[in-house]
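Below is one structure, written out as structure tokens; the observations come after it.
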Amino acid sequence: MVVQRSATTVATVLEQPLSLVVDSNDDTAGDYSPNHRHRNKRLRSDETGTRLGTSDPSRVTVPLKQSASTGASTSTMALPTPPTTTQNLINNEFGVSKTRVWMKVLDPASQKLLARVPDSTPAEIQKAVTVADAAQTAWASLPISKRKALLFALLGILQQHTVDFQQSLQLEVGKTLQDAESEFERGIDAIHTACSATAEMNGKHWTTNSTETYTIHQPVGVCVIITPFNFPFMIPLWSIPYAVITGNTVVLKPSEKAPSTANLLGRCFVQAGFPPGVINIIHGSSVTVDKLLSQPLVSAVSFVGSELAGERVYEHAKATRKRIQVEVSGKNHGIVLEDASKTKTLYAIAGSAFGAAGQRCMALSVMICVGSTKEWIDDLVQLAGSLKVGCGSDPGTEVGPLITAAAKERVEDMIDLAEAEGAEVVLDGRRYCVPEYPEGNFVGPTIITKVQTSMQCYQDEIFGPVLVCIEVDTLDEAIEIANENRYGNGCSLFTTDPVHAQTFQRKINIGQIGINVPVLAASGPVARTANKDSFLGDNECGRSPWQFFTMPKTVTALWR
1 MVVQRSATTV ATVLEQPLSL VVDSNDDTAG DYSPNHRHRN KRLRSDETGT
51 RLGTSDPSRV TVPLKQSAST GASTSTMALP TPPTTTQNLI NNEFGVSKTR
101 VWMKVLDPAS QKLLARVPDS TPAEIQKAVT VADAAQTAWA SLPISKRKAL
151 LFALLGILQQ HTVDFQQSLQ LEVGKTLQDA ESEFERGIDA IHTACSATAE
201 MNGKHWTTNS TETYTIHQPV GVCVIITPFN FPFMIPLWSI PYAVITGNTV
251 VLKPSEKAPS TANLLGRCFV QAGFPPGVIN IIHGSSVTVD KLLSQPLVSA
301 VSFVGSELAG ERVYEHAKAT RKRIQVEVSG KNHGIVLEDA SKTKTLYAIA
351 GSAFGAAGQR CMALSVMICV GSTKEWIDDL VQLAGSLKVG CGSDPGTEVG
401 PLITAAAKER VEDMIDLAEA EGAEVVLDGR RYCVPEYPEG NFVGPTIITK
451 VQTSMQCYQD EIFGPVLVCI EVDTLDEAIE IANENRYGNG CSLFTTDPVH
501 AQTFQRKINI GQIGINVPVL AASGPVARTA NKDSFLGDNE CGRSPWQFFT
551 MPKTVTALWR
């Protein structure tokens, strides 16, 4: 049975109101409801602020105003009206690139031109790295309390511009309001966590009668942070706060598909009072990445993105003896046992698989039905089919568009291939039409059954709102399938039996696991712990980043 898709929302499914608990960004849980709050405010501007494209179009310096009460810098951002020319931030100054190579950023729902993005020139790349290197020694010499104070000032400024960031995420990435709110909150949480990790830098100290030995942690230098399109606010904040609080300087290379949020973030860093050269932003394609990685002054590289790009970055950084942490693709399994709570399980899986249009490495993209739970698929089809697909800024939208037309084409090609390989598409989101946005990059929630592990739809990360279903007889079979998959981002078990849960957590060879919940990216001091082919080098977040961004030294002194 193939369910024909419709843009009409079904109010109730399984005799429950449609309110899903989801992994609502790459990592965030929230109430995924068609009746969530919607705000349609215009991007705010301030007549006293400097607007990109006014005055000298080649260079814009972010205005600062010192606060008498807190000492923090305050100002109101003047947000440009699309289409805009994306500018680099070098040494606390925004400037238009001199490149001849420009890329377009299109609204994923309407296909209207939002921005032009430069493939920055070699001279601009070198300048960004050079000023970061020049600023690093003085920055590291500041007391850590002052670096922390600047991060707290940044928190205040970011929170003043909550709506600006949320609307940027909705417009450029196609996020729903709730997804944008969740991403913003998790980014703020990452800054708080970095500020609380400073005690970890104290090192170890021990003495004997005549000697003392202790460790100290010093910054590594200039750090390049390379981030993807799908969480352009949160993911940079997984790394940048740790890098700067430990005394490093940063060159951020955001995705060319979603550059505007990074520039808003850069403005806030400058307004918070970060000195020139500490935070720099360079825009561009993979060509720009290669040139950044070739800079001898760069000491460390942090990357989140696709597997293909991540492997390339890893090998390049390793060849030039740079520190490297890489987090890439995932194929996350949700194992469903017969004793699981049916309604809660189906809502959790639907929310994780289809929220954020499936564009996150932590999405549950495989459902392993154990025993009779294969009979639950029909109800899951009804539930997923009721989700409203549309423009992220429209009220009631639950599944937004994919980032580009190429992404949509790739996802639909994967569904076509699944059919060709013998799988059955029981909920078909291909060629999904939203009447108000006929050119939008929409793919509706899609469920594929009769999937074999040899099929490409199972082997590859699809990165869209597509759930593939596999049927097995026992928990051990399900665990074996998940363990044999080459990715190790996350895996969840749905059960009401704690014995089954203990068996699962002991036997599963996956870095991040969930019990009755889709796997969430770690928050607070808990590190991300992806394994197998889902990461290279070091892990992100939590307690491990401060170690990545510092160089330990052991000192032994003899006193007699």
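Each residue of the sequence shown is one higher than the one before, counting from 1 in the UniProt record's numbering. Positions of the beta carbon are idealized from the N, C-alpha and C atoms, including for glycine.
| request: Report yes or no: do the stretch 356-375 and the stretch 462-470 share at least 3 C-beta pairs separated by less than 8 Å? | output: Two segments are said to touch when three or more pairs of C-beta atoms, one from each, lie closer than 8 Å; by this definition the stretch 356-375 touches the stretch 462-470.
| query | Considering C268, what are the terminal residues of the alpha helix (DSSP H) in which it resides? | reply | On the sequence shown, position 268 is the one that residue 268 refers to. First-last of the alpha helix (DSSP H) with C268: S260 to Q271.
| task | Can you tell me which of T84, K98 and V399 puts its alpha carbon nearest to the alpha carbon of L113? | result | The residue labelled residue 113 in the question sits at position 113 within the sequence shown. L113 has its Cα closest to that of T84, out of T84, K98 and V399.
| field | Under the three-state DSSP convention, the category A194 falls into | value | Residue mapping note: residue 194 aligns to position 194 of the sequence shown, counting from 1. DSSP places A194 in the helix class (H, G or I) of the three-state scheme.
| field | Coil, strand or helix - E338 by DSSP | value | Working through the sequence shown from its first residue, we reach residue 338 at position 338. Coil at E338, not helix or strand.
| request: Starting from the C-beta of N91, find all residues in its chain whose C-beta is less than 6 Å away, skip the five residues before and the five after it, and write them out in chain order. | output: Numbered from 1 along the sequence shown, position 91 holds the residue referred to as residue 91. Short of 6 Å from the beta carbon of N91, and not among the five residues preceding or following it, lie these beta carbons of its own chain, in chain order: V131, P276 and G277.
| query | Looking at the unbroken alpha helix (DSSP H) that takes in P236, where does it start and where does it end? | reply | In the sequence shown, residue 236 corresponds to position 236, counting from 1. It spans P236 to I245 - the alpha helix (DSSP H) in which P236 sits, taken as one unbroken run.
| Going by the beta-carbon positions, is the gap between V426 and V381 smaller than 7 Å? | As a working note, residue 426 is residue 426 in the sequence shown. As a working note, residue 381 is residue 381 in the sequence shown. When the beta-carbon positions are compared, V426 and V381 come within less than 7 Å of each other.
| What's the C-alpha gap between E421 and M455? | Working through the sequence shown from its first residue, we reach residue 421 at position 421. Working through the sequence shown from its first residue, we reach residue 455 at position 455. Taken atom to atom, the span from the alpha-carbon of E421 to that of M455 is near 7 Å.
| query | Using a Cβ-Cβ cut-off of 8 Å (strictly less than) and excluding sequence neighbours within five positions of I403, which residues of its own chain qualify? | reply | Residue mapping note: residue 403 aligns to position 403 of the sequence shown, counting from 1. The beta carbon of I403 sits closer than 8 Å to the beta carbons of P108, V173, G174, F229, N230, K257, A258, Q359 and N441 from its chain, once the five residues preceding and following it are set aside; these are given in chain order.
| Buried versus exposed, by CB contacts within 10 Å (16 or more), N88 | Within the sequence shown, the letter at position 88 stands for residue 88. Taking all protein chains shown into account, N88 has 16 or more neighbouring C-beta atoms within 10 Å of its C-beta and is therefore buried.
| request: Report the rounded CA-to-CA distance for I125 versus I282, giving the unit in angstroms. | output: Locating residue 125 in the sequence shown gives position 125, where the first residue counts as 1. Locating residue 282 in the sequence shown gives position 282, where the first residue counts as 1. Each residue's Cα considered, the two are about 7 Å apart.
| Looking at V468 and V451, is the spacing between their C-beta atoms short of 7 Å? | Within the sequence shown, residue 451 is the residue found at index 451, counting from 1. Within the sequence shown, residue 468 is the residue found at index 468, counting from 1. A distance below 7 Å separates the beta carbons of V451 and V468.
| Cα-Cα separation, I349 to N509 | Here residue 349 corresponds to residue number 349 of the sequence shown, with the count starting at 1. Here residue 509 corresponds to residue number 509 of the sequence shown, with the count starting at 1. Taking C-alpha positions only, I349 is separated from N509 by approximately 21 Å.
| message | So, for A405: in the same chain, excluding its five sequence neighbours on each side, which residues have a beta-carbon less than 6 Å away from its beta-carbon? | response | On the sequence shown, position 405 is the one that residue 405 refers to. Only N441 meet the Cβ criterion.
| Cβ atoms of Q218 and M551: under 7 Å apart, would you say? | As a working mapping, residue 551 is identified with position 551 in the sequence shown. As a working mapping, residue 218 is identified with position 218 in the sequence shown. Between M551 and Q218, the C-beta spacing is below 7 Å.
| message | If you reduce the DSSP assignment to three classes, tell me which class P465 lands in. | response | Numbered from 1 along the sequence shown, position 465 holds the residue referred to as residue 465. In the structure shown, the three-state DSSP call for P465 is coil.
| task | Indicate whether L171 and A180 have their beta-carbon atoms separated by less than 7 Å. | result | To locate residue 171, count along the sequence shown from 1; it is residue 171. To locate residue 180, count along the sequence shown from 1; it is residue 180. Not closer than 7 Å, so no.
| task | Compare the Cα-Cα distances from E327 to each of T320, G247 and V304 and report the closest residue. | result | As a position in the sequence shown, residue 327 is number 327, starting the count at 1. Of the candidates T320, G247 and V304, V304 places its Cα closest to the Cα of E327.
| task | Starting from the C-beta of C391, find all residues in its chain whose C-beta is less than 8 Å away, skip the five residues before and the five after it, and write them out in chain order. | result | The residue given as residue 391 occupies position 391 in the sequence shown. Scanning its chain for C-beta atoms nearer than 8 Å, with the 5 sequence neighbours on each side dropped, one finds around C391 the residues A109, S110, G174, T397, G400, P401, V434, E436, Y437 and G440, in chain order.
| task | Ignore the nearest five residues each way along the sequence and tell me which others in A197's own chain have a CB closer than 6 Å to its CB. | result | Within the sequence shown, numbered from 1, the residue matching residue 197 stands at position 197. By the criterion of a C-beta distance shorter than 6 Å, A197 is surrounded in its chain by W546, once the five residues flanking it on both sides are discounted.
| Could you give the residue range of the alpha helix (DSSP H) that holds P498? | Looking up residue 498 in the sequence shown gives position 498. That run of the alpha helix (DSSP H) goes P498 to K507.
| Do P254 and T227 come within 7 Å of each other at the CB atom, strictly closer than that value? | Sequence index remark: in the sequence shown, residue 227 carries index 227 (1-based). Sequence index remark: in the sequence shown, residue 254 carries index 254 (1-based). With respect to the 7 Å criterion, T227 and P254 are classified as neighbours on the basis of their beta carbons.
| Reference G385; option with closest CA among K342, I481, I447 and L308 | Counting from 1 along the sequence shown, the entry for residue 385 is found at position 385. Ranking K342, I481, I447 and L308 by Cα distance to G385 puts I447 first.
| Are the beta-carbon atoms of P118 and W102 separated by less than 7 Å? | Your numbering for residue 118 matches position 118 in the sequence shown. Your numbering for residue 102 matches position 102 in the sequence shown. Cβ distance < 7 Å, so P118 and W102 count as in contact.
| CA-CA distance, R100 and G284? | Indexing the sequence shown from 1 puts residue 100 at position 100. Indexing the sequence shown from 1 puts residue 284 at position 284. A straight-line Cα-Cα distance of about 12 Å links R100 and G284.
| Taking DSSP as the reference, what is the three-state secondary structure of F152? | One-based indexing of the sequence shown puts residue 152 at position 152. F152 sits in a helix when the DSSP states are folded into three classes.
| message | With H, G and I counted as helix, E and B as strand and the rest as coil, what does DSSP make of G53? | response | Taking the first residue of the sequence shown as 1, we reach residue 53 at position 53. Unreliable positioning characterises G53 in this predicted model, as indicated by a pLDDT of 29, which lies under 50. A coordinate reading is not provided.
| said: Can you tell me whether H205 is buried or exposed? The criterion is at least 16 other CB atoms within 10 Å of its CB, across all chains shown. | reply: Sequence index remark: in the sequence shown, residue 205 carries index 205 (1-based). With fewer than 16 Cβ atoms within 10 Å of its Cβ, H205 is classed as exposed.
| query | Using DSSP with H/G/I as helix, E/B as strand and the rest coil, what is P118? | reply | Here the question's residue 118 lines up with position 118 in the sequence shown. In the three-state DSSP reduction, P118 falls in the strand class (E or B).
| Residue span of the alpha helix (DSSP H) that contains R312, given as start and end | Reading the sequence shown from its first residue, position 312 is the one you call residue 312. Its alpha helix (DSSP H) spans residues E307 to A319.
| query | What's the call for L558, buried or exposed, on a 16-neighbour Cβ count within 10 Å? | reply | Along the sequence shown, one-based indexing puts residue 558 at 558. Exposed: under 16 other Cβ atoms inside 10 Å.
| request: Tell me, to the nearest whole angstrom, how far the beta carbon of T81 is from that of N263; I am working on the premise that it is less than 8 Å. | output: Taking the first residue of the sequence shown as position 1, residue 81 is located at position 81. Taking the first residue of the sequence shown as position 1, residue 263 is located at position 263. About 14 Å separates the beta carbon of T81 from that of N263, a gap too long to meet the 8 Å contact definition.
| Rounded straight-line distance, which links the Cα of C491 to that of C166 | Within the sequence shown, the letter at position 166 stands for residue 166. Within the sequence shown, the letter at position 491 stands for residue 491. Residue identity check: residue 166 is Gln in the sequence provided, not Cys. One C-alpha to the other measures close to 29 Å.
| query | What residues match up with E480 in a beta bridge as DSSP calls it? | reply | Indexing the sequence shown from 1 puts residue 480 at position 480. DSSP output for E480 lists no bridge partner at all.
| By a C-beta neighbour count over all protein chains shown, 10 Å radius and 16 as the cutoff for buried, is D164 buried or exposed? | Stepping through the sequence shown from its first residue, residue 164 is reached at position 164. Under this definition D164 is a buried residue.
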